[in-house]
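Q: One structure follows; several queries about it will come next.
In the working numbering, the protein residues as written are 984 to 1181.
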């Protein structure tokens, strides 16, 4: 079964690659037809991890949907330093949909949205700290996670960002004034929080 899940992950990863290419086109008019095998591989690995953790459960489906959104968000943000509003809206709608699965109550989902959005909004008041896309993303992903997990997601994201940023500066991959997208850190923090605390 694990092989089947991995193969399905590869297929979904291929579709996510197509979705990313389409978003690239809408952002810059750049037509990209190549396959990003990193997106494909990451998708398969994450889906396999979710399957090992949850089995064929509704939580597995929820994790797959959330991860698919976060994968596209991460690679678009890395390439163009922007998180499209449509992805944040999709995250919000999908997160609220899973309220009906019974995994999370509407109140907890709403609380997660507000917690994620408000915390990042307050942090964004620091000049150059965060962008509007980061705020909208965590507002949407908060619907998946609820308050407790969204707090952990943000904490993990900042911890990873600090460690990796120091690493990039030490090895002169990035300069002190270079922009480092925060979306991928939020994505990884959200995935880890969901995986660990669910």
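No residue lacks a Cβ here, since even glycine has one placed at the ideal position from N, Cα and C.
1. At 4 residues or longer, and completely inside the region 1095-1168: list those alpha helix (DSSP H) runs for me, N to C.
2. How is residue 1012 classed by DSSP in three states: helix, strand or coil?
3. Could you check what DSSP says for residue 1057 in three-state terms: helix, strand or coil?
4. Since residue 1188 is in the alpha helix (DSSP H), which residue starts that stretch and which ends it?
5. Among 1168, 1173, 1050 and 1175, which residue has its Cα nearest to the Cα of residue 1060?
6. Could you check how far apart the C-beta atoms of residue 1063 and residue 1118 are, in whole angstroms? I think they sit under 8 Å.
7. To which residues of the same chain is residue 1082 closer than 6 Å at the C-beta, ignoring the five residues directly before and after it?
8. Excluding the five sequence neighbours on either side, which residues of its own chain have a C-beta within less than 7 Å of the C-beta of residue 1128, listed in chain order?
9. Pull up the distance between the alpha-carbon of residue 992 and that of residue 1058, whole angstroms please.
10. Taking only three categories from DSSP, how would you classify residue 1039?
11. So residue 1046 and residue 1033 are supposed to be a Cβ contact under 8 Å. How far apart are they, rounded?
12. Helix or strand or just coil, what does DSSP make of residue 1086?
13. Whose C-beta lies closer than 8 Å to the C-beta of residue 1050 among residues of the same chain, with five residues either side of it excluded?
14. Just confirm the distance between the C-beta atoms of residue 1099 and residue 1080, as a whole number of angstroms; I'd bet it's less than 8 Å.
15. Spatial neighbours of residue 1018 within its chain, please: CB distance less than 8 Å, with the 5 preceding and 5 following residues excluded, ordered by chain position.
16. So, is residue 1021 buried or exposed, given that buried needs 16 or more other C-beta atoms within 10 angstroms?
17. Determine the contact status of residue 1202 and residue 1053, defining contact as a CB-CB distance below 8 Å.
A: On the basis of the coordinates in this document:
1. You should have 1115-1153.
2. In the chain shown, residue 1012 corresponds to position 29, counting from 1. Three-state result, residue 1012: coil.
3. To locate residue 1057, count along the chain shown from 1; it is residue 74. The DSSP-derived three-state label of residue 1057 is helix.
4. The chain is shown only over 984 to 1181; residue 1188 falls outside these bounds and no answer can be derived.
5. Taking the first residue of the chain shown as 1, we reach residue 1060 at position 77. Taking only the C-alpha atoms, the option nearest residue 1060 is 1168.
6. Within the chain shown, the letter at position 80 stands for residue 1063. Within the chain shown, the letter at position 135 stands for residue 1118. That pair is no contact at about 18 Å.
7. Translated into positions along the chain shown, residue 1082 becomes position 99. Same-chain partners within the cutoff: 1089 and 1092.
8. The sequence position of residue 1128 within the chain shown is 145, counting from 1. Correct list, in chain order: 1095, 1136, 1173, 1176 and 1177.
9. In the chain shown, counting from the first residue as 1, residue 992 sits at position 9. In the chain shown, counting from the first residue as 1, residue 1058 sits at position 75. Taking the straight line from one Cα to the other gives about 17 Å.
10. One-based indexing of the chain shown puts residue 1039 at position 56. Three-state result, residue 1039: coil.
11. Walking along the chain shown from the start, residue 1046 turns up at place 63. Walking along the chain shown from the start, residue 1033 turns up at place 50. Right, the Cβ-Cβ distance comes to about 4 Å (below 8 Å), so this counts as a contact.
12. As a working note, residue 1086 is residue 103 in the chain shown. If DSSP states are grouped into helix, strand and coil, residue 1086 belongs with coil.
13. For the purposes of this step, residue 1050 is taken as the residue at position 67 of the chain shown. Cβ within range, chain order: 1026, 1029, 1030, 1033 and 1174.
14. In the chain shown, residue 1099 corresponds to position 116, counting from 1. In the chain shown, residue 1080 corresponds to position 97, counting from 1. Their Cβ separation, rounded to whole angstroms, is 17 Å, which puts residue 1099 and residue 1080 out of contact at 8 Å.
15. Locating residue 1018 in the chain shown gives position 35, where the first residue counts as 1. In chain order, 997 and 1000 place their CB closer than 8 Å to the CB of residue 1018, counting only its own chain and leaving out the 5 sequence neighbours on each side.
16. The residue given as residue 1021 occupies position 38 in the chain shown. Flag for residue 1021 reads exposed.
17. The structure shown does not extend to residue 1202, since the chain spans only 984 to 1181, so no value can be given for it.
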